[in-house]
Amino acid sequence: MKYESVIGLEVHVELFTKTKIFCGCSTEFAADPNTHCCPICLGMPGALPLMNKSVVEFATKAGLALNCQIADFSRFDRKNYFYPDLPKAYQISQFYIPLARNGYVEIEPNGQKKRVGIRIMHMEEDAGKLVHEEGGSYSHLDLNRAGMPLIEIVSEPDMRSAEEAWLYLNNLRTILQYIEVSDCKIEEGSMRCDINISLRPEGSEQLGTRVEVKNLGSLRAVRRAIEFEEKRQRDILENGGTIDGETRRWDEAQGITIFMRGKGSNRYSPEPNLSPIIISDEWKEDIRNHIPELPNVKKERFIKEYGLPEYDASIITASKILANFYEETVKYYHDPKIISNWIMVELMNVLNETGEGIKDLKFTPKQLADMLIMIDKGIISGKIAKDVFREMFKTGKNPEEIVKEKNLIQISDEAELENIAKKVIENNPKSVEDYKNGKEKAMSFLVGQIMKETKGKANPQMVNSILTRLLKEI
Amino acid sequence: MKLHELTIKKANELLKKKEITAQELTEDILNRIDECESKIGAYVTIDKEGALKSAKSTDEKADFTDPLAGIPMSAKDNICTKNLKTTCCSRMLENFVPPYDATVISKLRERNAIILGKTNMDEFAIGSSTQTSFFHTTQNPWDLSRVPGGSSGGSAAAVASDECIYALGSDTGGSVRQPASYCGVVGLKPTYGRVSRFGVASLAATMDTIGPITKNVTDCAIVLSAIAGQDSFDPTSSDIPVDNYLQKLKNDVKGLKIGIPKELLYHEAVSKDVKDAVLNAIKVYEDLGCICEEISLKNAEYAMSAYLVTLAAEASSELGQYDGIRYGYRTSSDYQDLKDFYKKTRGEGFGFDVKWHIILGTYLSDEKYYDKYYLKAQKIRTIIKKDFDEAFKKYDFLITPTTPTTAFKIGESSDDPFKMHMNDLCVSIVNLAGLPAISLPCGFSKGLPVGLQIIGKAFDEAGILQVAYAFEQNNDYHTRRIKERMV
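Protein chains in written order, with the UniProt record's numbering: chain A, 1 to 474; chain D, 1 to 487.
As structure tokens, this is what we get:
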């Protein structure tokens, strides 16, 4: 029998408000353990939560950007359970009346547009962090993270493959980064993902028993965990077994999922210490007006406005900073496609090599445009430009300055080039002979020798025409 | 007159006239504590040094324009006091020293109040007798073989025996009014949201309130003025302006309409003496020109069950934070795993009544039973609120006994939590509705004080204080405390 995967994701995203959700403690990342804590984070007697208004704003913004309906009235609830990193023995979350519902994220698997539904998006507080002593018999507790503001985004089980889940997560992340509510760094835990996955015979409408996989630390892990679960569950079903509704965790090192716990029931109760969240139409509209152009809209515009191929447009708009950099450069240089080529090839290369982010770029769009103009004017060759580009990337210096300092100006002097060409012909009689005998390759060799002689600064078009002329004359 | 017998108002007059100093007053009360404590056991922590130090600095400031400046008081031990042990009278917090003050404490400190110490209570405020304290049982100053009531029994006993001039208690289901009634003093439960709960260990967050326990109604008005008002640290505190409670204390109650809920006054649990004392109080009001009529709070019979379910469900959630991980008691025996650790820590750290409520509440609020019990209790609560709304359309105030009987014997009925809860019949219904109510002495039965409860509309503390004041002006029950008690 052929099986179909039914996948839904629960994504937790840390909002980067300045302070925590229910107190004034800082949300700064990587601070010394337990330095951003107060009686409220620690769940001390009599401490009461205080709602941080920016969290509501950030969350509403996210909900709107994800096409959700925002509830005029929502409320907080307690999820009661015991765990050492949960100071109050309950997490303040939204359960009965969440902030947002019924949204979607668009993905394009195999070039086909598809919507992945968002069932619910709600606000909640994060728990602290247990740091287990390697090989020791005790654990450390860091409560800096306790009370960090989160939104939980629960998708509909609309995804059918690891690829679709990957696309969904990627787009979700891009949207949230675009609207600047989170940096969505999976590695730093500011975006976390749980997978719900079940299998069913292809064509069946009924849902199979769902398994939850927790603890995914990267986009790649999400993909691998889904593929692993698909295989594991298929194997069980094909051998006539049944799937248990359970929670499993992903073991990155072994590349497998491991049983964690069975499904238990939760205890929810209304949070009595917080007033309901009431969002007026004015407030909602104000937040909506602050949502910038979203990636999919930007991509379509780039294709239309700049004539970019879809591939280029989607890569450039995947990051807001990159898209802004691109658009800024377009203002100073006439050919959008050439800019795109430089970004897609040279810039991506150096970023990959150095591991730096676009936000750390040292040179400006204007400087990149100036460099491209220098190529057009014949001041530098395209080949030299690559060196200039790397220098700009390293130092942020103006291209003119780099060219001057390194003496990289292209040699376009006819007489000078002719002299060099003559010398090369003289020194390479064998190659000249080969050329005369019809070996085209010999020509490239001679060009290369001229380039070597001029340290790459010779104007390549001129070298070609001079050399052709000289060889004819022989 | 001895200094410890003074009321806030009298003491303030003497301090202002420089006839006494705050240090003299504090020393006198500390001596009184030394004299009484072996018999009463009202305190769990006495901060002699701190009290004397702040009395001295208050004397140095020599500013007694605030009526609470230099007046020694005590606070129930679930109200957090910075650098001073706050135990909730539980083994769980036996050595807990908060790094912060509850808002009510900060407000009193700003007024240069002298904090003598922390008073005994039922563990985590669960109980009606102060017998479930981890430390010791407090004795009723009127009869040492009897309980002072609870859970603010220590606070009420301390006021009744002059071991402080006034005290703060917490009232979740009558825990200020019931012990005030048993000890023959005045206890006020403000409207929910009138006084900040920040820094007070939660029991049931939708019903908890902080209230004064004082020697008379005037003092009660003074203390409430000091602690009432919105607090940015408590999102449930109200922004409704605070009345000038003192100014409104007038003898004139003519024409006021008072309702007497017959389901409460004539309940089978109410003893004859108590009923007679309340009927007599009604007579006093009629003589003062009030219109008193019997009314029906028709769903009162469901209040006790709704209250118990709400209390247990909320308490089970609130008390989860005491898990031995970050502070407080932690088991010293070996444990197998995390679950075993929690079991042992909480099993050893909590007393019987607390565990009884936690287990009941956990069951009641489980997903499976949530609708059946917790949600239903909340629906009853809404109905009861409506009954009160209806009553207050016609009447300005409602009058009931505070407690069905006078103080019971230590050890009596404490093995039956349901029977214990009948003591709270008339008081806990008020917490369900979030209304303000006061208890004040209205008579005696076999030498034990009887309490009268006056219930008002939401945020009409000024009104109930005034009505209570009028009654107090027409009898001497509140002053008999000094003559007739045991120590």
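Even glycine gets a Cβ: it sits at the ideal position worked out from N, Cα and C. Since the model is a prediction, treat every value here as computed from it, not as a measurement.
Taking the DSSP output, what are the residues bridged to A75(D)?
Beta-bridge pairing by DSSP links A75(D) to K118(D), L168(D).
Put V195(D) into one of helix, strand or coil per three-state DSSP.
The three-state reading of DSSP puts V195(D) in strand, counting E and B together.
So which residues of chain D does S269(A) contact, with C-beta pairs closer than 8 Å?
In chain order: A313, E314, S317, S365, Y370, Y374.
Measure the beta-carbon distance from S439(D) to G187(D) and round it to whole angstroms, keeping in mind my assumption that it falls under 8 Å.
That belief holds up - the Cβ atoms of S439(D) and G187(D) are roughly 5 Å apart, short of 8 Å.
Starting from W250(A) and walking both ways along the beta strand (DSSP E), at which residues does that stretch end?
246-251 is the extent of the beta strand (DSSP E) around W250(A).
Answer yes or no: do V185(D) and A160(D) have a C-beta to C-beta separation smaller than 8 Å?
yes
By Cβ distance, which residues of its chain are closer than 6 Å to S316(D), with the 5 residues on each side in sequence left out?
I358, G361, T362
Is the CB of C89(D) under 8 Å away from at least one CB in chain A?
no
What residues from the stretch 319-330 of chain D come within 8 Å of chain A, judged by C-beta to C-beta, listed N to C?
G320, Q321, D323, I325, R326, Y327
Going by the beta-carbon positions, is the gap between P179(D) and G150(D) smaller than 8 Å?
yes
For a quick check, are the C-beta atoms of V242(D) and G259(D) less than 8 Å apart?
no
Can you tell me whether DSSP reads S5(A) as helix, strand or coil?
strand
Against chain D, does V178(A) count as a neighbour if the rule is that its beta carbon must be under 8 Å from one of theirs?
Per the sequence shown, residue 178(A) should be read as Tyr rather than Val. No, its Cβ sits nowhere closer than 8 Å to a Cβ of chain D.
Could you say which of S128(D), T405(D), N474(D), G117(D) lies nearest to D273(D) if we only look at CA atoms?
Nearest to D273(D) by alpha-carbon distance, out of S128(D), T405(D), N474(D), G117(D), is T405(D).
Name, going along the chain, the residues of the stretch 83-98 of chain A whose beta-carbon falls closer than 7 Å to a beta-carbon of chain D.
P84, P87, K88, A89, Y90
Which stretch, first to last residue, makes up the alpha helix (DSSP H) that contains Q410(A)?
That residue, Q410(A), is in no alpha helix (DSSP H); it is neither H nor E in DSSP.
Quick check on DSSP: helix, strand or coil for S190(A)?
Three-state DSSP puts S190(A) in coil, outside helix and strand.
Taking A160(D) as part of the alpha helix (DSSP H), name the residues at either end of that continuous run.
Taken as a continuous stretch (DSSP letters only), the alpha helix (DSSP H) holding A160(D) covers 153-160.
Kindly list the residues whose CB is nearer than 6 Å to the CB of S74(D), restricted to its own chain and excluding five residues on each side of it in sequence; keep chain order.
L116, G117, T119, A158, C164, A167
Start and end of the beta strand (DSSP E) containing F397(D)?
397-401
If we cut at 8 Å on Cβ distances, does G199(D) have a partner in chain A?
yes
If you draw a straight line from the alpha carbon of E202(A) to that of V105(A), how long is it in whole angstroms?
Taken atom to atom, the span from the alpha-carbon of E202(A) to that of V105(A) is near 24 Å.
Quick check on DSSP: helix, strand or coil for D47(D)?
coil
So, does the CB of M123(A) fall closer than 8 Å to a CB anywhere in chain D?
no
Measure the CB-CB distance between M148(A) and E28(A) and report whether it falls below 8 Å.
no
Can you give me the Cβ contacts of K114(A) inside the same chain, cut-off strictly under 6 Å, excluding the 5 residues immediately before and after it?
Exclusion of the five residues before and after K114(A) leaves I107 as the residues of its chain whose Cβ lies within less than 6 Å of its Cβ.
Tell whether a beta-carbon distance below 8 Å holds between G351(D) and T132(D).
yes
Taking a cut of 8 Å between CB atoms, which residues from the stretch 31-51 of chain A lie near chain D?
P39, L42, G43, M44, P45, G46, A47, L48, P49, L50, M51
Span of the beta strand (DSSP E) holding L144(D)?
Taken as a continuous stretch (DSSP letters only), L144(D) belongs to no beta strand (DSSP E), as it is neither H nor E.
Could you pull out every residue in the same chain whose Cβ sits closer than 6 Å to the Cβ of Y307(D), ignoring the five residues on either side in sequence?
The answer, listed in chain order, is G173, S428, L432.
Quick one: give me the first and last residue of the beta strand (DSSP E) that C442(D) is part of.
437-445
Which value, in whole angstroms, describes the spacing of the CA atoms of S218(A) and A165(A)?
Each residue's CA atom was taken as its position, placing S218(A) and A165(A) some 13 Å apart.
What three-state label does DSSP hand P99(D) in the structure shown?
coil
Please name the residue, chosen from V11(A), Y3(A), S269(A), that lies closest to I120(A) on a Cα-to-Cα basis.
V11(A)
Taking contact to mean 3 or more Cβ pairs, one atom from each stretch, closer than 8 Å, check whether the stretch 71-80 of chain A and the stretch 192-201 of chain A are in contact.
no
Checking 8 Å against the spacing of the C-beta atoms, do Y182(D) and A156(D) come in under that value?
yes
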